[in-house]
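A.B. asks: Just so we're aligned, residue 9 is where the sequence shown starts under this note's numbering, counting upward by one.
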Amino acid sequence: MAKKRKKLLKRIKPLVGIVMGSDSDLRVMHFASDLLKEFEVRHEVRIISAHRTPEAMLQYATEAASRGLKVIIAGAGGAAHLPGMIASATTLPVIGVPVNITKMDGIDAFLSIVQMPKGVPVATVAIDNAANAALLAVRILATSDDKVMKRLEAYKKSQVKKVKAADRLLARRS
Ligand code: RP5
Numbered sequence: 009m010a011k012k013r014k015k016l017l018k019r020i021k022p023l024v025g026i027v028m029g030s031d032s033d034l035r036v037m038h039f040a041s042d043l044l045k046e047f048e049v050r051h052e053v054r055i056i057s058a059h060r061t062p063e064a065m066l067q068y069a070t071e072a073a074s075r076g077l078k079v080i081i082a083g084a085g086g087a088a089h090l091p092g093m094i095a096s097a098t099t100l101p102v103i104g105v106p107v108n109i110t111k112m113d114g115i116d117a118f119l120s121i122v123q124m125p126k127g128v129p130v131a132t133v134a135i136d137n138a139a140n141a142a143l144l145a146v147r148i149l150a151t152s153d154d155k156v157m158k159r160l161e162a163y164k165k166s167q168v169k170k171v172k173a174a175d176r177l178l179a180r181r182s
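#1: Checking 7 Å against the spacing of the C-beta atoms, do Val105 and Ala141 come in under that value?
#2: My assumption, with CB atoms under 8 Å, is that Ile135 sits in contact with Gly114. Please give the rounded CB distance.
#3: Suppose contacts are defined by Cβ-Cβ distances below 7 Å. Is Leu100 in contact with Ile80 by that definition?
#4: Give me the Cα-Cα distance between Arg13 and Ala150, rounded to the nearest whole angstrom.
#5: Is Ser120 near the ligand RP5, judged by its Cβ being under 6 Å from some heavy atom?
#6: Starting from Pro106, trace the beta strand (DSSP E) both ways and give me its first and last residue.
#7: State the Cα-Cα distance for the pair Val51 and Arg147, rounded to the nearest angstrom.
#8: Identify every run of the beta strand (DSSP E) within the region 62-130, keeping only runs that are complete inside it and at least 3 residues long; order them along the chain.
#9: In chain order, what residues of the same chain lie with their CB nearer than 6 Å to the CB of Ile56, ignoring the 5 residues before and after it?
#10: Please name the residue, chosen from Ala173, Lys18, Val24, that lies closest to Leu77 on a Cα-to-Cα basis.
#11: Is Asp116 near the ligand RP5, in the sense that its beta carbon is under 6 Å from a heavy atom of that ligand?
#12: Tell me the DSSP bridge mates of Val53?
#13: Any heavy atom of the ligand RP5 closer than 6 Å to the CB of Asp33?
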């Protein structure tokens, strides 16, 4: 890891690591970062590939807990081994995001991520649903952080408001 980045990460002390196999996953994975920003949760975003940079992946996974990370969100498409391989090398909770990148509409990535063997869990969200991965990370952090819990409660209330407003609008139109 470049010295500059190491220094910066030390300063911001990220709680959530968002990793993805390729920059082509950013199209989907940026939603996780957007949501964590909304919740003011410190996080880092990295491109690390299980197949193309296996050593970097192992180093990231083995050092994650000691660097202060609490949750890892890992997104990948196709033969999506990144979330499972990271889970195999850390005790942190890992949330997998299957990314739709091939002609198989993301089913390939979904099955690769969800079918983990007993003993190595990965919490898998729906195909391309990086926002839900971030929300799950927020829920995990909220169990030990009152500020995050307050923001989560406010978020839930805003969802209720949104649905009710849409319902009222529909009633007025019909
Ligand atoms: C996976 O292969 C990545 O997560 C990405 O979804 C997919 C394709 O990568 P690129 O060929 O677009 O770099 O490892």
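We treat Cβ as the ideally placed atom computed from N, Cα and C, and that holds for glycine.
C.D. replies: In short, the structure shows the following:
#1: Looking up residue 105 in the sequence shown gives position 97. Looking up residue 141 in the sequence shown gives position 133. In this structure, Ala141 lies closer than 7 Å to Val105 by Cβ.
#2: Counting from 1 along the sequence shown, the entry for residue 135 is found at position 127. Counting from 1 along the sequence shown, the entry for residue 114 is found at position 106. Indeed, because the Cβ distance is near 4 Å, the residues count as touching under 8 Å.
#3: For the purposes of this step, residue 100 is taken as residue 92 along the sequence shown, with counting starting at 1. For the purposes of this step, residue 80 is taken as residue 72 along the sequence shown, with counting starting at 1. Contact flag set, yes.
#4: In the sequence shown, counting from the first residue as 1, residue 13 sits at position 5. In the sequence shown, counting from the first residue as 1, residue 150 sits at position 142. Distance between the alpha carbons of Arg13 and Ala150: 27 Å.
#5: The sequence position of residue 120 within the sequence shown is 112, counting from 1. No; taking the cut-off as 6 Å, the Cβ of Ser120 has no heavy atom of the ligand RP5 nearer than that.
#6: Within the sequence shown, residue 106 is the residue found at index 98, counting from 1. Pro106 -> beta strand (DSSP E) spans 102-107.
#7: Within the sequence shown, residue 51 is the residue found at index 43, counting from 1. Within the sequence shown, residue 147 is the residue found at index 139, counting from 1. Checking the sequence, you will find His at residue 51 rather than Val. The straight-line gap from Cα to Cα measures roughly 15 Å.
#8: 79-85, 102-107
#9: Position 48 of the sequence shown, counting from 1, holds the residue named residue 56. Excluding residues within five positions, the ones whose Cβ falls inside 6 Å are Val27, Ala64, Met65, Tyr68.
#10: Position 69 of the sequence shown, counted from the first residue, corresponds to residue 77. For Leu77, the nearest C-alpha among the options comes from Val24.
#11: For the purposes of this step, residue 116 is taken as residue 108 along the sequence shown, with counting starting at 1. Asp116 Cβ: outside cutoff for every heavy atom of the ligand RP5.
#12: Looking up residue 53 in the sequence shown gives position 45. Partner(s): Ile26.
#13: If you number the sequence shown from 1, residue 33 lands on position 25. True, at least one ligand heavy atom lies under 6 Å from that Cβ.
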